[in-house]
Structures are given as C-alpha cells and as structure tokens.
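For the sequence shown, our numbering begins at 29 and goes up steadily by one. Backbone N, C-alpha and C fix where the C-beta goes; we use that ideal spot for every residue, glycine too. Remarks on the structure that follows.
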Amino acid sequence: LSNATESENAVNVTEMNYVLLTDGENVTIPLLESDDLWRNPLFKDSQNTVILVTGWTSNINGSNKAID
C-alpha cells in the first residue's frame, strides 16, 4: 500500500478484541474468536451493526485519532 501508515508499535492480533456495546453492558470478545461474538445472546443480527477499528497505529498511552 503506497499510502499506508506504518505503526510505531508491534501489532499483536491476539491482544485485539471486539467490544459489543449494549444498553446494559460492554462485552469484550477476542478478535480471533469472532464466532463467540455472533453467538453471544446480546448480539442482535437483526439490528444495524457498526464496526469501528481503532488503535492499529497507537496504544493506550497515546492519542487516538479516530476519537480525538
């Protein structure tokens, strides 16, 4: 990719998670266990779904351009 952003941080997909946001709670599901998200009783496949991917080139200690 000619315009890709190179991360200063090593990417470890085993540390990445989906976060299912509901009115009552937030459920964290490892990215590599996607089937657990689809099978979760709080996940409603009849509703619109938004997937926000962030943090790929940042870490918890730095700025997050997606939400700044």
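Using alpha carbons as the reference points, say which of the options lies closest to residue i.
{"i": "Tyr46", "options": "Asn68, Pro58, Arg67 and Lys72", "result": "Pro58"}
Between the beta-carbon of residue i and the beta-carbon of residue j, is there less than 9 Å?
{"i": "Leu48", "j": "Thr42", "result": "no"}
{"i": "Leu65", "j": "Glu53", "result": "no"}
What number of angstroms, rounded off, separates the C-alpha of residue i from the C-alpha of residue j?
{"i": "Met44", "j": "Ile79", "result": "13 Å"}
{"i": "Ile95", "j": "Asn40", "result": "Because the pLDDT at Ile95 is just 49, under 50, the model does not fix this residue reliably, and the value given afterwards should be weighed accordingly. Computed Cα separation, rounded: 22 Å."}
{"i": "Ser62", "j": "Lys72", "result": "14 Å"}
{"i": "Gln75", "j": "Asn68", "result": "14 Å"}
Using a Cβ-Cβ cutoff of less than 6 Å, which residues in the same chain neighbour residue i once the five nearest sequence positions on both sides are dropped?
{"i": "Thr50", "result": "Leu70"}
{"i": "Thr77", "result": "none"}
Spatial neighbours of residue i within its chain, please: C-beta separation below 7 Å, excluding the five flanking residues on both sides.
{"i": "Leu60", "result": "Val41 and Thr42"}
{"i": "Ala38", "result": "none"}
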